[in-house]
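Encoded as structure tokens, the structure appears first; notes follow it.
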Amino acid sequence: MRQKLVIGNWKMNGDRTRNAKLIASLAKGLHGHDSCRIVICPPFPYLLQVSDGLVNRHISLGAQNVSQYDQGAHTGEVCAAMLAEMGCAYVLLGHSERRQDNRESDAEIAQKFAMALAAGISPVLCVGESLAQRQADQTETVVAGQIRSVIDQLGIAALTGAIIAYEPVWAIGTGETATPQQAQAVHLAIRNLIREYDPAMAEQLPILYGGSVKADNAAALFQQDDIDGGLIGGTSLDAEAFIQICRATA
228 MRQKLVIGNW
238 KMNGDRTRNA
248 KLIASLAKGL
258 HGHDSCRIVI
268 CPPFPYLLQV
278 SDGLVNRHIS
288 LGAQNVSQYD
298 QGAHTGEVCA
308 AMLAEMGCAY
318 VLLGHSERRQ
328 DNRESDAEIA
338 QKFAMALAAG
348 ISPVLCVGES
358 LAQRQADQTE
368 TVVAGQIRSV
378 IDQLGIAALT
388 GAIIAYEPVW
398 AIGTGETATP
408 QQAQAVHLAI
418 RNLIREYDPA
428 MAEQLPILYG
438 GSVKADNAAA
448 LFQQDDIDGG
458 LIGGTSLDAE
468 AFIQICRATA
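The working numbering numbers the first residue of the sequence shown as 228 and each following residue consecutively.
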């Protein structure tokens, strides 16, 4: 049985004082909670602070991005080895905001995926369609293309220990969310796609939903057969709401 997983993506938010209070609140509110794995992804400058704050706690550290290069003259980039040294166990790849704002291609994301694996970091591959693509009935085609890009370059075995996060672009930061049934349909399509390559892999691969998950809709989403948890954006900055979402996995 796949264990539920909840990842908090702080995006470009936080300061040292606020971070310390948030970490302390999460540690207290989630003490003894074991129905899901929990990951926090702060901005790069706060990785060390959050890492130190999570010592001896059951919350893991993740990063929001990684370079496709391993070292060298790449000003402004952060390589996978650096993230591993900071204690990162997970890294988000291909988030819709990276795909849109930074024009990250599927090929580039696959390269980053490989770098994460080489450093022993679990990649969280974010996939999803725009509103126009959904309205054109292209959801499954778009999502499949984003996943196949990684499989074609790295092989199906690369998904061992990885996570896929389905985040419909039209539902991120808009207050809109797919119904549990709509989200489940795409998650099932993703699992069926993986099943074409490796049935055993399909059964163990965690697939998260990442489209405006809130405390009041988390339980209904997490009850779906193929939704294994959530990738939480702005709501992860609200300790009480994030705690409620984590507890909804039970």
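Built from N, CA and C at the ideal position, the CB exists for glycine as well. Please read all numbers here as calculations on a predicted model, not as lab measurements.
Asked, Found
"P269 beta carbon less than 8 Å from that of N246", "yes"
"Extent of the continuous alpha helix (DSSP H) run through I472", "466–474"
"4-residue-minimum alpha helix (DSSP H) runs that sit fully inside the stretch 319–388, ordered along the chain", "323–328, 333–345, 358–362, 366–381"
"Exposure of K339, with buried meaning 16 or more beta-carbon neighbours within 10 Å", "buried"
"Sufficient close CB pairs (3 or more, under 8 Å) joining the stretch 354–372 to the stretch 300–309", "no"
"Nearest residue (CA-CA) to S439, options T406, L464, S287, I399", "I399"
"A392 - containing beta strand (DSSP E), residue span", "390–393"
"Own chain partners of L352 with C-beta closer than 8 Å, once the 5 adjacent residues on each side are dropped", "L320, G321, I336, F340, Q373, I374, V377, A389, I390, I391, A392"
"Alpha carbon of Y414 to alpha carbon of D297, nearest angstrom", "A small correction: the amino acid at residue 414 is His; Tyr does not occupy that position in the sequence shown. Roughly 32 Å between the two C-alpha positions."
"Assigned exposure category for K231 - 16 Cβ within 10 Å defines buried", "buried"
"Residue(s) in a DSSP beta bridge with K231", "C263"
"Residue from Q451, D364, Q362 with nearest C-alpha to T406", "Q451"
"Where the beta strand (DSSP E) containing I286 begins and where it ends", "286–290"
"Per-residue DSSP class, three states only, for I459", "strand"
"Straight-line Cα distance separating I250 from A384", "35 Å"
"L253 (DSSP reduced to helix, strand or coil)", "helix"
"Own chain, CB closer than 7 Å to A311, minus 5 neighbours either side, in chain order", "A346, G347, I348"
"Outcome for T387 when other beta-carbon atoms lying within 10 angstroms are tallied against a minimum of 16", "exposed"
"Expected contact under 8 Å - CB spacing of G289 and I267 to nearest Å", "7 Å"
"Cβ-based burial, Q408 [other Cβ within 10 Å; buried from 16]", "exposed"
"Selection from E324, P395, E403 that minimises the alpha carbon distance to A412", "P395"
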